[in-house]
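To keep things clear, I will list the structure first and then write my remarks on it.
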Amino acid sequence: MNKCQRQTTPVLCDTSNLQWNVSFRFFICDINNDIIKYSIYNRSKYTKDRLLGSIEIPLRLLIKQSVQQEDSSSIYSLQTNHIYEMSALNWKMRTFYLEHSSNNSQISIKYIVYLNE
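In my numbering, the protein residues as written are 150 to 266.
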């Protein structure tokens, strides 16, 4: 994938139900070197958007992993810039799903985060 393949979800305002339910399609250029990066921001009307955390996943590792990984067994975790804000979200479980085409030319990733009430 090249850096031009960037997708953005709609902004969710005034909600604690962080569920976007959007799909994106990216085309793989080099399975050995391409990386998928997720970033989560706190949007503010009055200040600059604040990066809460991000994760970079090398595609070559995804192809080798199982279809589903959960919580403590997951090899991927969100790297946080603002520890207080991320811990305030109170993560319950993260579930990671992966599907890829037989020739590895397309990849579909679903990353689900459940929050404690």
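A virtual CB, placed ideally from N, CA and C, is assigned to each residue, including glycine.
Measuring CB to CB, does Leu-200 end up less than 8 Å from Ile-177? The criterion of a C-beta distance shorter than 8 Å is not satisfied by Leu-200 and Ile-177.
Euclidean distance between Cα positions of Ser-193 and Phe-175: Per the coordinates, the alpha-carbon of Ser-193 lies some 28 Å from the alpha-carbon of Phe-175.
Which of the three DSSP states is assigned to Arg-192 in this structure? In this structure, Arg-192 counts as coil in the three-state DSSP scheme.
Within the same chain, show all residues whose beta-carbon is closer than 6 Å to that of Gln-156, passing over the 5 residues directly before and after it, in chain order. Cβ within range, chain order: Phe-173.
Roughly how many angstroms separate the alpha carbons of Lys-197 and Tyr-190, rounded to a whole number? Cα-Cα distance, rounded: 10 Å.
For Ser-201, the first and last residue of its enclosing beta strand (DSSP E): The question names Ser, but residue 201 is Leu in the sequence shown. Per DSSP, Leu-201 is one residue of the beta strand (DSSP E) stretching across 199-207.
Closest Cα partner of Thr-158 within the set Ser-188, Tyr-195, Ile-184 and Asp-183: It is Ser-188 whose Cα lies nearest to the Cα of Thr-158.
With distances taken from CA atoms, which of Glu-205, Val-171, Leu-161 and Asn-170 is nearest Lys-186? Comparing Cα-Cα distances from Lys-186 to each of Glu-205, Val-171, Leu-161 and Asn-170, the minimum goes to Glu-205.
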